[in-house]
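**Student:**
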Amino acid sequence: MKIVKTIAQNLCDNGACPNRAEYLIAREDTLLANSLSLCSACIKELYSLFGGILAPKAVSNLIKKAQMKNKILGEEGKK
Ligand SMILES: [Zn+2]
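Position one of the sequence shown corresponds to residue 542 (our numbering), numbered consecutively onward.
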């Protein structure tokens with residue numbers, strides 16, 4: 542993916558958003574003419590929403606998972 546700042550005067554592609562698009566977002570193999578145009582307000586809101594979905598797992602959970610894995614491997618080694 543690539544993000545390009547634009548000076549074009551097109552509107553944001555997010556529904557009925559009335560703002561002027563400031564960034565174009567496109568796959569590397571996609572022409573910028575076919576990109577997604579978004580304003581900074583919508584990008585900030587998307588960033589916040591995706592942060593809640595894609596947040597990294599808590600370190601404490603990763604430690605517990607590793608401890609469980611070691612425990613299981615340890616029990617199999619005793620058999
Ligand atoms: Zn917008």
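Backbone N, C-alpha and C fix where the C-beta goes; we use that ideal spot for every residue, glycine too.
Everything numeric in this text was worked out from a predicted model, so none of it was measured.
1. Please name the residue, chosen from Leu577, Leu573, Ala596, Asp570, that lies closest to Cys553 on a Cα-to-Cα basis.
2. Measuring straight from C-alpha to C-alpha, what distance separates Ile604 and Phe591?
3. Nearest-angstrom Cα distance between Cys583 and Asn555?
4. Given this structure, state the Cα-to-Cα distance separating Tyr588 from Ile613, to the nearest angstrom.
5. Got a sec: does ligand 1 put a non-hydrogen atom nearer than 8 Å to the Cβ of Leu565?
6. Looking at the structure shown, is Leu614 part of a helix, part of a strand, or coil, going by DSSP?
7. By the DSSP assignment, the beta strand (DSSP E) with Ala582 in it spans what residues?
**Tutor:** With the structure as the only source:
1. Leu577
2. 24 Å
3. 7 Å
4. 38 Å
5. no
6. helix
7. First-last for Ala582: 581-594, but that is the alpha helix (DSSP H), not the beta strand (DSSP E).
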